[in-house]
Structures are given as structure tokens and as C-alpha cells.
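> Protein chains in written order, with my numbering: chain A, 1 to 320; chain B, 1001 to 1251. I am attaching a structure below and will ask some questions about it afterwards.
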């Protein structure tokens, strides 16, 4: 049954997990921070790809749900001094999913470019609101984030990066596992049928609009979680999270890795984070480099880094 | 014999063009009916209205006594009307097996499950493989639908419709674009399943040999209207229709 059940695959997955577990052994808090960032983006991109790669819906507004998760954490910890990890993360996911449910319902009725534009419009709405509601959100200054607390331990990217890294890694592995289950579930297959052929999907009894809506909701759960983990990592959140250019980052990371491959978004997120970290260190023109990279990927690697590798090795790695 | 499908004064305008004009049609349970007629006669539009893809401008459609006019496609499918397409309509990036499996899952109402693995469901797998074997696609189950031949994609499209275990099946030119040897392979399989399960069928077809050998009843459409309706022998002996059909055979 192809690659995913072979011993080869199991060894590869195990090696990757061991590698991820051993990152803090290097003892560099900058590396830990960078790894956290890459994994947070990975969670975001995994959820995002349920829409883009598996349902065929292009959203330009997933920064909104990331931002909602991040701002919920910031407001709860700073304004209300609620720092309990399960409470804060739970609320953050609930808030972004709540808005994802409403906005998803409105967007999923529309197709292709109208869908994309609507998602963009809603995220810009939140962008404007963060400025207007400055008493809560701190306006353009943003708002600070206090560490999360669990069992007497403090979790934040400012303090002990090792414990925070393991927290993020735990949620990353959880996200990886759940999204893998989803894409291989009946629901996941239905989404892929919709992506490939909406008319046929409808003709075999799939309520296409409703399923697109469900997919949207599920993807916002991941966005909310990613945003919630992002806030304590930086210790500060700003309205830029709601700007559509930030939503563009998850799209870019996903395309960079390859949206047609399950693991593509994760690879994309990791490459994206590393590239940004190194390029911003040498030049202030990161957006220019980002633009060029995007052009190169779009022109020469339409299936992304992993996607291109995959097509080259297709015979052996079918169904990765 | 009672009417499983009844249409009353069914009419469809596309702008000022009357594609289907006041069609009153009753299909009897377990029969195979073919619709013939030249291009633009309104055959596909009629199928589109019955399957819910196109909303009628006026008139009603009743299926097993229930008014289904204007219902969304997926609801009509769930009630028991499946549809095969003229241009093979399959999910290209899914394997042949998964294409059929999605249809089987849909039929069994298991689609909305997010946490079970598709591969772990033995019941769905055995139903899907049974259908794949019936349609001779079992050996190609792990191929992506986009890598199948045109004829096989056509078969897969039809197999997915049958996987829904419909009471009424609408087939839009099931043999168009396939070689004459494959035509008979497709039609023999289709007829076998239809007769075995007592499915009612409404087939749009251009190939007269196929129409006359597989139908219980033939309906001739021209300019959106039904101009003749009867058993194959009656239709064959009608001079007026002969010239019309010869005209369309050349197409």
C-alpha cells in the first residue's frame, strides 16, 4: 500500500521526531526560539492546507484566526491576569473557532475568487478593529503577553525556551497526528473529492457547501492554536497579525513546501522560518527576497520543494 | 407498473431560448428508457433538471410521489437518483478505489466522520471492491483516476453512480467517445447491473444500435419537445423519425 506503511517510512518518521526532540540539546536559546517559530508556523500551515491542498479553497485571511488566538492569549494574561495554560489556550481556540464558524459560513457559499476576496475582507475588518478597540487591544502599540502557567511551571519564549519548545513540540505532534487522521478519514476523502470535482462531489450526495464550511472551521482551530502559542513566544502581539500580508505568509509557506503533499506545509514552514531568520540578518530587504522567492517557486517549483522532490521520485514514494 | 418519475409541463428557458418545452414524461419502475434526438434537442437539459443541476423555469418533477423540483443536487441523490455524465466526471487526483469509496461512504451516510481511517473500514472496502470488480476496474484500483483511459474513466463515472445504489439512474451518453468494442463492454455491464437490481434507467444515447438493443422504450426529442414515444419497434417503423435519427447519426 505504498510508502506510508513501509518500515522505511516508520524509520524516517521516528528519526524526525528524535531530531525534533534533541534540538534543545544544542543549548542555543536562539535555535530553540527559531524552532518554536517554525513549529508554530507548521501548525498554522497544516490547518491551512486542509483548505488549500485538500479542499481546493484559497484563503487570504487566515491571519485573522491566528491573530484572534494570539490576541485572546494577550488580553487574558495581561488584562485579566488569567495565566492558566489550559484555560488560556482553550479560550483562544474557542474564540478563533467561533469567528471561523461565522465567517466560514458566509465565505463557503462562494467560489474561487469571491471566496478568496471575502476571507481577505474579513481579516482586514479585524485589522481595522484592533486599532479602533485600542482600550482592549492597545491599538497600533499592540499588547504584551504574560507567561502561561501550569503546575507551577511558567511557559514563555522569553524565559525558559527549552520548556516552551517542548510545549510547542507537543502541540505540533498532536496537530500533525490529528490532521493526518483527518485527511485519511471519510471526511478528508470527501474534501478531496470536492477539490477535484465539485460537480461530481455534489452528484454523489456530498453537500459541498456545508463540507467546505466544516473544512474552514477545522482549519481555524489550527490557526487559533498556532496564534495562541505564538503570543507567549514573542511576549507581544501587534495588529499586523490581522493584515492580509501576514495571511500571505502561511500561503507562501504552504506553497513553498508543496500543498499537494501532506508534509509539504511543515517543510515549507521550516524553510520559510529559517530563510527569514538568515536573510533578515544580512539585509533589510527581506520582503524583496520573499517576493523573488515566491516568483521562483511559482515559476519553477509549482508543486513546492517537497512536491518537486516527490514528482521526481514518484514511482518509489507514491502516496507519501 | 407505476410511475417512479413523473414530470409535469417541464419547461426550461435559457434567456429567450426554449431548451425544454412542456415535457410530460412518466417513467415506469424497472424499465430502461432511451432519449434520442439531434444535438440541441434538450436531452441533457432534461437530465440536468431531473438531477437538480438546472432549475426548471416552470413545471414540476415528482420522484416516487414526492415533489423534488428545485431541491439541491445532493438531496436528490440521497433520495435515489444517480447520474452519469457525458464527459467523464471523476475525481482525478484520487485513486480509482477512493473514487468509488467516497460514493460508497456517501451512500452509507458515513462521510462526516473525521476520526476514523478510511482504510480501516472493511465494509466500505468490500462494497467498493465488489463494484470495481463488476465494472472491470479492480486491477486498476490503485491508479489515479487521471491516469485511466477515457473508456475506463467513463466506466468509473458510471460505477460511482451505481455505488450509490440508486432507484433511478440517469446516464448521459454512456458510450460517447469510446471505441465500438468498449461501447459494448460498457453497455453490457450497465444492462446487467440495471436488470439484476431492477433499477429504472433513463439514458441519453446517440448510437442507434445501442439504443435499439438495450431499451424497453424510446423517446424522441426535437426542439425541446417529445415528438415520439414508444417501443423500439414502433419507433423504428416510423418514417418521419427514421430520417430525423439518420440525421443525428451522422453527427
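Where is the CB? At the ideal position from N, CA and C, for every residue including glycine.
Buried or exposed for residue 1192 of chain B, please, with buried defined as at least 16 other CB atoms from any protein chain shown within 10 angstroms of its CB.
The residue in question, residue 1192 of chain B, is exposed, as its Cβ has fewer than 16 Cβ neighbours within 10 Å.
> For residue 1058 of chain B, report the span of its beta strand (DSSP E) as first-last.
Unbroken beta strand (DSSP E) run through residue 1058 of chain B: 1058 to 1063.
> Check the Cβ of residue 190 of chain A against every Cβ in chain B and list those closer than 7 angstroms, keeping chain order.
Within 7 angstroms Cβ-Cβ: 1102, 1111.
> Exposed or buried, residue 83 of chain A, counting other C-beta atoms within 10 Å across all chains shown (16 or more means buried)?
Buried.
> Please confirm whether residue 108 of chain A has its beta-carbon closer than 8 angstroms to some beta-carbon of chain B.
Chain B contact via Cβ: absent.
> Along the chain, where does the alpha helix (DSSP H) containing residue 1187 of chain B start, and where does it finish?
Looking at the DSSP string, the run of the alpha helix (DSSP H) that includes residue 1187 of chain B is 1180 to 1197.
> Shorter than 8 angstroms from the beta carbon of residue 320 of chain A to some beta carbon of chain B?
Note on residue 320 of chain A: pLDDT 44, under 50, position unreliable in the model; no value is reported.
> Taking DSSP as the reference, what is the three-state secondary structure of residue 197 of chain A?
In this structure, residue 197 of chain A counts as coil in the three-state DSSP scheme.
> Evaluate residue 90 of chain A with the Cβ neighbour count: other Cβ atoms within 10 Å of its Cβ, from every protein chain shown; 16 or more gives buried, anything less gives exposed.
Result: exposed.
> So, is residue 194 of chain A buried or exposed, given that buried needs 16 or more other C-beta atoms within 10 angstroms?
With 16 or more other Cβ atoms within 10 Å, it is buried.
> Taking DSSP as the reference, what is the three-state secondary structure of residue 133 of chain A?
Coil.
> Nearest-angstrom Cα distance between residue 1211 of chain B and residue 1231 of chain B?
Distance between the alpha carbons of residue 1211 of chain B and residue 1231 of chain B is about 11 angstroms.
> If you run the structure through DSSP and keep just helix, strand and coil, what is residue 1033 of chain B?
In this structure, residue 1033 of chain B counts as strand in the three-state DSSP scheme.
> Out of B:1222, B:1223, B:1207, B:1161, which has the shortest C-alpha to C-alpha gap to residue 200 of chain A?
It is B:1161 whose Cα lies nearest to the Cα of residue 200 of chain A.
> Using the C-alpha atoms, what's the distance from residue 1139 of chain B back to residue 1120 of chain B?
Each residue's Cα considered, the two are about 21 angstroms apart.
> State the Cα-Cα distance for the pair residue 295 of chain A and residue 30 of chain A, rounded to the nearest angstrom.
Computed Cα separation, rounded: 30 angstroms.
> Starting from residue 1221 of chain B, follow its DSSP beta bridges and name the residues at the other end.
Beta-bridge pairing links residue 1221 of chain B to B:1226.
> Return the first residue and the last residue of the alpha helix (DSSP H) that residue 1122 of chain B is part of.
Taken as a continuous stretch (DSSP letters only), the alpha helix (DSSP H) holding residue 1122 of chain B covers 1122 to 1134.
> Are residue 1203 of chain B and residue 1058 of chain B touching if we call contact CB-CB under 8 angstroms?
Cβ atoms of residue 1203 of chain B and residue 1058 of chain B: not closer than 8 angstroms.
> Could you spell out where the alpha helix (DSSP H) holding residue 63 of chain A opens and where it closes?
From DSSP, the alpha helix (DSSP H) with residue 63 of chain A extends over 63 to 74.
> Quick one: is residue 49 of chain A near chain B, going by C-beta distance under 8 angstroms?
It does not; no Cβ of chain B falls within 8 angstroms.
> For residue 186 of chain A, would you say it is in contact with chain B, using Cβ-to-Cβ distances shorter than 8 angstroms as the test?
Closer than 8 angstroms: yes.
> Looking only at DSSP bridge pairs, what is residue 1231 of chain B linked to?
Residue 1231 of chain B pairs with nothing; no bridge assigned.
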